[in-house]
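Residue numbers (the numbering used here): 7 to 281.
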Amino acid sequence: PGAAEAYRAAITAAGSSADLASLVEQARHKLGWTHVMQKDHAAAAEAFEAQLAAAPGGPLAADASALLGDALMSIGKTVEAAKAFARAITAPEKLSSDALRGLAFIRAAEAAAEREAWQESLQIASTFLKASPDSSRAAEARYAVAWAKQNLGRLDEALADYRGIAEGPRTELAARARLMEGEVLFERREHKEAIKAFFKAAYGFGEQNAPASFHPWQAQATYEAARCFEVLGQKDQAHKLYAELVERYPASEHVPAARKRLEALGSRATAGGKS
7 PGAAEAYRAA ITAAGSSADL ASLVEQARHK LGWTHVMQKD HAAAAEAFEA
57 QLAAAPGGPL AADASALLGD ALMSIGKTVE AAKAFARAIT APEKLSSDAL
107 RGLAFIRAAE AAAEREAWQE SLQIASTFLK ASPDSSRAAE ARYAVAWAKQ
157 NLGRLDEALA DYRGIAEGPR TELAARARLM EGEVLFERRE HKEAIKAFFK
207 AAYGFGEQNA PASFHPWQAQ ATYEAARCFE VLGQKDQAHK LYAELVERYP
257 ASEHVPAARK RLEALGSRAT AGGKS
């Protein structure tokens, strides 16, 4: 907060002096960063918009566009965010760091996906991967590619992409990818194979010791595996998994649905499907 106050004072003191235009651009940019660091996304968006309005062609304009897009995405203004990201990735060489390039492309792909502009999302993520295959955010780009392909009906390609991520480092993204492998198999009505993928997501990342950030994907995988068992007529297995979900992940958004299925299946479902 103290830094933000000082940057505002510098902007005010400089006024409209042409000689201080570069300094003012830096102050506006740093003001935006103070809000980013405080997670005040609305204030950050306002600051970066002010910077771009005052210096649209300045040396920090590309960085501001990327950060503006990120701030707008964070407050739900997806359409406006997409426009800001488009400015940032049109000339990615003007972005000052690999981190900002990764941010701009990944978030741009996400913005397109939120608008269900799947071909656009695929193109953005693929462009980033081609230019930066070794980026620390390459796995996120591969996930965006897989998600877009799945929604474009290119299920075989999406399945291969999800598996590639899931078989990599044991990260939260890998757990999500393994879950999505199961979702694609479920969509293809390959329920037995889907169960295998869901079990890998639920239990393959250390279900007892996995970080809390993994839990939503593990809980969802447990729920989806139970659904598969129901489709296959194995109601006893389905009942067991729904009960496990309720006990292990009580805060999961899937708990209400799991409770309803438990009620429908009865308190003692049997392998034959009778309660």
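Every residue, glycine too, gets a C-beta built ideally from N, C-alpha and C.
Under 6 Å Cβ to Cβ from E163, same chain only, skipping five residues before and after it: list those, please. Along the sequence shown, read from residue 1 onward, the residue named residue 163 stands at position 157. Excluding residues within five positions, the ones whose Cβ falls inside 6 Å are K155.
Is A196 helix, strand or coil when you go by DSSP? In the sequence shown, the residue the question calls residue 196 occupies position 190. In the sequence on display, residue 196 carries Glu and not Ala. E196 falls in the coil class under three-state DSSP.
Inter-residue Cα distance where the pair is D242 and K202: Your numbering for residue 242 matches position 236 in the sequence shown. Your numbering for residue 202 matches position 196 in the sequence shown. Approximately 17 Å, taken between the alpha carbons.
My guess is that A166 and A207 are in contact by the Cβ rule of under 8 Å, so how many angstroms apart are they, rounded? Residue numbering aside, residue 166 sits at position 160 when the sequence shown is read from its first letter. Residue numbering aside, residue 207 sits at position 201 when the sequence shown is read from its first letter. Not quite, the Cβ-Cβ distance comes to about 17 Å (not below 8 Å), so this is no contact.
Can you give me the start and stop residues for the alpha helix (DSSP H) that L73 sits inside? Taking the sequence shown and counting its residues from 1, one reaches residue 73 at position 67. That run of the alpha helix (DSSP H) goes A67 to S80.
Taking only three categories from DSSP, how would you classify S23? Mapped onto the sequence shown, residue 23 falls at position 17. Note: S23 maps to coil in three-state DSSP.
C-alpha gap between E55 and A68, whole angstroms: Numbered from 1 along the sequence shown, position 49 holds the residue referred to as residue 55. Numbered from 1 along the sequence shown, position 62 holds the residue referred to as residue 68. Roughly 12 Å between the two C-alpha positions.
Tell me whether T40 is buried or exposed, calling it buried when 16 or more other Cβ atoms sit within 10 Å of its Cβ. On the sequence shown, residue 40 is found 34 positions in, with the first residue counted as 1. Buried, because 16 or more other Cβ atoms sit within 10 Å of the Cβ of T40.
C-beta atoms of F192 and R233 nearer than 9 Å: As a working mapping, residue 192 is identified with position 186 in the sequence shown. As a working mapping, residue 233 is identified with position 227 in the sequence shown. It is a contact, given that the beta carbons lie within the stated cut-off.
From A183 to I171, what distance separates their C-alpha atoms? For this step, residue 183 is matched to residue 177 along the sequence shown. For this step, residue 171 is matched to residue 165 along the sequence shown. Roughly 6 Å separates the two Cα atoms.
Does the segment 216–225 come into contact with the segment 235–249, if we say contact requires no fewer than three beta-carbon pairs (one atom in each stretch) closer than 8 Å? no
Note down, in chain order, each residue of its chain lying with its Cβ closer than 8 Å to the Cβ of S153, except the 5 sequence neighbours on either side. Here residue 153 refers to the residue found at position 147 when the sequence shown is read from its first residue. According to the sequence provided, residue 153 is Trp. The question's Ser does not apply to it. Correct list, in chain order: A119, S127, A164 and M186.
Look at the alpha carbon of A10 and the alpha carbon of E52, and state the distance between them as a whole number of angstroms. Here residue 10 refers to the residue found at position 4 when the sequence shown is read from its first residue. Here residue 52 refers to the residue found at position 46 when the sequence shown is read from its first residue. Roughly 13 Å separates the two Cα atoms.
Apart from the five residues on each side of it in sequence, which residues of its chain come closer than 6 Å, Cβ to Cβ, to R267? Locating residue 267 in the sequence shown gives position 261, where the first residue counts as 1. Cβ within range, chain order: Y248.
With DSSP collapsed to three states, give me the class of A61. In the sequence shown, the residue the question calls residue 61 occupies position 55. The answer is coil: DSSP assigns A61 none of H, G, I, E or B.
Beta-carbon separation of S138 and R107 under 9 Å? The count along the sequence shown starts at 1 and reaches residue 138 at position 132. The count along the sequence shown starts at 1 and reaches residue 107 at position 101. Yes.
Environment of G272 [buried if 16+ CB atoms lie within 10 Å]: Taking the sequence shown and counting its residues from 1, one reaches residue 272 at position 266. So G272 ends up on the exposed side.
For E99, is the classification buried or exposed, using 16 other Cβ atoms within 10 angstroms of its Cβ as the cut-off for buried? Here the question's residue 99 lines up with position 93 in the sequence shown. It is exposed - the Cβ of E99 has fewer than 16 other Cβ atoms within 10 Å.
Integer-rounded CB distance, given that E86 should sit under 8 Å from Q57: For this step, residue 57 is matched to residue 51 along the sequence shown. For this step, residue 86 is matched to residue 80 along the sequence shown. Not confirmed; about 16 Å, so no contact.
Roughly how many angstroms separate the alpha carbons of E122 and A15, rounded to a whole number? For the purposes of this step, residue 122 is taken as the residue at position 116 of the sequence shown. For the purposes of this step, residue 15 is taken as the residue at position 9 of the sequence shown. Rounded to the nearest angstrom, the two C-alpha atoms are 43 Å apart.
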